[in-house]
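Below you'll find the structure, written out as structure tokens, and then a few comments.
Residue numbers (this note's numbering): 14 to 274.
What follows is the structure, encoded as structure tokens:
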């Protein structure tokens, strides 16, 4: 098994795009914008040994880092072409750089792919976390807020969403499988809050059966919310159904799972 992927904190991009009823990847949105690195001039390679002057530091305080630009470009390219069909050359061109600049930050295509997938996972998780912070009550209202937040994020960031929902299941690298398990476990743990224990079991056997049923319902709900998204891609079986209808149906189905119906 390959090394555990190195997770790095990357600022998430801001953006807004209207939802479309014909597939969430059918029109440009915030993360479709090409990255232009020209603000700092053409880059043959990064020079990390250069010391910024106070004036330079002030002028670039809010400018995305080279690494951030590379990851965003990788998300766009990987989300369209997948791991096997993507080259570092293509990602470098999308980032407005040359391959040597990409290799300065990432040792391999595998490492960059895992960073791009981790970026998408962290962004979607942040949307869910913002909708229901850890100290918020897990009830029907917050559940709907989480569902809406993830769907909003998907509409606003179609490339990151496509990267997440299409690429994480493929297991392109050993690190991808580890990231996917971590992502699913994170959301399963939070979802358990919506499935309180109904009654005190009479004995250990009843307790084990109750926990097994509860775990199955939680995992099925998370699997459903993840699996529905790839089906919405343009040309997919759910692409022609309006977003409001799909949102409502997802919320209804998952609510019934929570209620045990």
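Built from N, CA and C at the ideal position, the CB exists for glycine as well.
Give the C-beta separation of residue 145 and residue 163 to the nearest angstrom, bearing in mind that I take them to be a contact with Cβ-Cβ under 8 Å.
Contact flag wrong, Cβ pair sits at about 11 Å.
Where the alpha helix (DSSP H) through residue 176 begins and ends:
Residues 171 to 180.
Which listed residue (248, 234 and 250) has its alpha carbon closest to that of residue 265
Here the closest residue by C-alpha is 234.
Ordered list of alpha helix (DSSP H) runs contained in the segment 97 to 137, each at least 4 residues
The segment 97 to 137 contains these whole alpha helix (DSSP H) runs: 101 to 108 and 112 to 118.
What residue range does the alpha helix (DSSP H) around residue 78 cover?
First-last for residue 78: undefined, no H or E at that position.
Indicate whether the contact test is met: 3 or more Cβ pairs, each with one atom in the segment 181 to 196 and one in the segment 130 to 139, closer than 8 Å.
With a cut-off of 8 Å, the segment 130 to 139 and the segment 181 to 196 count as touching, because enough Cβ pairs lie within range.
Quick one: what does DSSP say residue 253 is sitting in, helix, strand or coil?
DSSP places residue 253 in coil when its eight states are reduced to three.
When you compare only the Cα positions, how much space is there between residue 82 and residue 240?
When rounded, the distance between both Cα atoms is 29 Å.
Say whether the segment 211 to 225 touches the segment 248 to 256, bearing in mind that this needs 3 or more beta-carbon pairs closer than 8 Å, one atom from each stretch.
In this structure the segment 211 to 225 does not lie against the segment 248 to 256, because fewer than three pairs of beta carbons, one per stretch, are closer than 8 Å.
Using 8 Å as the Cβ pair cut-off and three pairs as the minimum, do the segment 169 to 189 and the segment 92 to 108 touch?
Contact between the segment 169 to 189 and the segment 92 to 108 is present: 3 or more CB-CB pairs across the two stretches fall below 8 Å.
If you run the structure through DSSP and keep just helix, strand and coil, what is residue 227?
If DSSP states are grouped into helix, strand and coil, residue 227 belongs with the helices.
Which class does residue 147 belong to by DSSP, given the choice of helix, strand or coil?
DSSP, reduced to helix, strand and coil, places residue 147 outside both helices and strands of the structure shown, so it counts as coil.
Go ahead and pull the three-state DSSP assignment for residue 246.
Collapsing the DSSP output to three states places residue 246 in coil.
Compute the Euclidean distance between the alpha carbons of residue 213 and residue 273, then round it to the nearest angstrom.
One C-alpha to the other measures close to 17 Å.
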